[in-house]
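K.L.:
My questions will all concern the structure given below.
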Amino acid sequence: MQRGINTYFKPV
Amino acid sequence: MFEARLGQATILKKILDAIKDLLTEGTFDCSDSGIQLQAMDNSHVSLVSLTLRSDGFDKFRCDRNISMGMNLGSMAKILKCANNEDNVTMKAQDNADTVTIMFESANQEKVSDYEMKLMNLDQEHLGIPETEYSCVVRMPSMEFARICRDLAQFSESVVICCTKEGVKFTASGDVGTANIKLAQTGSVDKEEESVSIDMQEPVTLTFACRYLNAFTKATPLSTQVQLSMCADVPLVVEYAIKDLGYIRYYLAPKIED
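For the protein sequence lines, the chains are A and B, in the order given.
Using the numbering used here, the letters of the first sequence map in sequence onto residues 241 to 252.
Using the numbering used here, the letters of the second sequence map in sequence onto residues 59 to 315.
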């Protein structure tokens, strides 16, 4: 399964 | 007023080539420290982070921070009009809705300028946490590109396994299984040909080949590439841009369903 990068990095 | 000049248009061409397959548009954030761009690819699986330091430019002036949203396809069209050895200057007024890109031949006999419309891009900026990576591999960028290209024939995914003995790339599919192992090099005459591994603990992660292959479009920027890995966090693929900065790609690992 491919998660999105925004699962790991959150908006600042 | 923003103005940035580079001695050779070829560097900017290579930078555009390194990002335009992943991103259709991007915002160049300019400040007195330099130019930064951060953007996710369209599917939000990877992140591109570009940093160009102001001291790496032949001339750099940025009176007020400005964010220039650009269509990268349009910028690539403009850069196609430059000769590799041309000087390139990017200029924009404060609060402008256009940027001017100017090329000058070495003998100054040909000067061309292109005014490009800027875009208002509503892009969110992601915070990248400080990470102690379990394994950091440095290897020739051409070798990495070759491995990604070769293994993509066999599977959509590549497993990267790093131990202190070396780094192994594996792709398994209908044809069978392909393994490529690289050991750390001993003393080599040329640093750019070396493979080095800095390992705290072994790590095994799976990544989508198509993104790794997209990252290798940055190969002309640097003779070496650095892969930083840690369990359950995105891979970092970094290409240094000599005397100017770096381009980093972050890729979320694939996880078992």
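Where is the CB? At the ideal position from N, CA and C, for every residue including glycine.
The model shown is predicted, which means the values in this text are computed figures rather than measured ones.
Of the residues B:D113, B:E83, B:L105 and B:D171, which one's Cα is nearest the Cα of I305 of chain B?
P.N.:
That would be B:L105, whose Cα lies nearest to the Cα of I305 of chain B.
K.L.:
Using 8 Å as the limit for Cβ to Cβ distance, is Y307 of chain B near chain A?
P.N.:
Not an interface residue.
K.L.:
Step through the CB atoms of chain A and report whether any lies within less than 8 Å of the CB of I338 of chain B.
P.N.:
Within the shown structure, residues of chain B are numbered from 59 to 315, placing residue 338 of chain B beyond reach of any answer.
K.L.:
Sorted by chain position, which residues of the same chain lie with C-beta nearer than 8 Å to G65 of chain B's C-beta, five sequence neighbours on each side aside?
P.N.:
D116 and N145.
K.L.:
Closer than 8 Å, CB to CB, is M98 of chain B near chain A or not?
P.N.:
Closer than 8 Å to some Cβ of chain A, the Cβ of M98 of chain B qualifies, so yes.
K.L.:
DSSP state of L176 of chain B, grouped into three classes?
P.N.:
Of the three classes helix, strand and coil, the one that applies to L176 of chain B here is coil, per DSSP.
K.L.:
Report yes or no: is there a C-beta of chain A within less than 8 Å of the C-beta of V294 of chain B?
P.N.:
By this cut-off, V294 of chain B is not an interface position.
K.L.:
Checking contacts by CB at 8 Å: is E190 of chain B closer than that to chain A?
P.N.:
E190 of chain B does not count as touching chain A.
K.L.:
Under 9 Å Cβ-Cβ, which residues of chain A neighbour S107 of chain B?
P.N.:
Neighbours of S107 of chain B on chain A: none; closest Cβ ~10 Å, over 9 Å.
K.L.:
Compute the Euclidean distance between the alpha carbons of K222 of chain B and E201 of chain B, then round it to the nearest angstrom.
P.N.:
Each residue's alpha carbon lies about 19 Å from the other.
K.L.:
Any idea if T274 of chain B is buried or exposed, counting beta-carbon neighbours within 10 angstroms, 16 or more meaning buried?
P.N.:
Label assigned to T274 of chain B: buried.
K.L.:
Establish whether the CB of G231 of chain B and some CB of chain A are separated by less than 8 Å.
P.N.:
Output row for G231 of chain B: interface = no.
K.L.:
Under 8 Å by Cβ, that's how I've got F86 of chain B and M59 of chain B pegged, so tell me the actual separation to the nearest angstrom.
P.N.:
Rounded, the Cβ-Cβ distance is 15 Å, inconsistent with contact.
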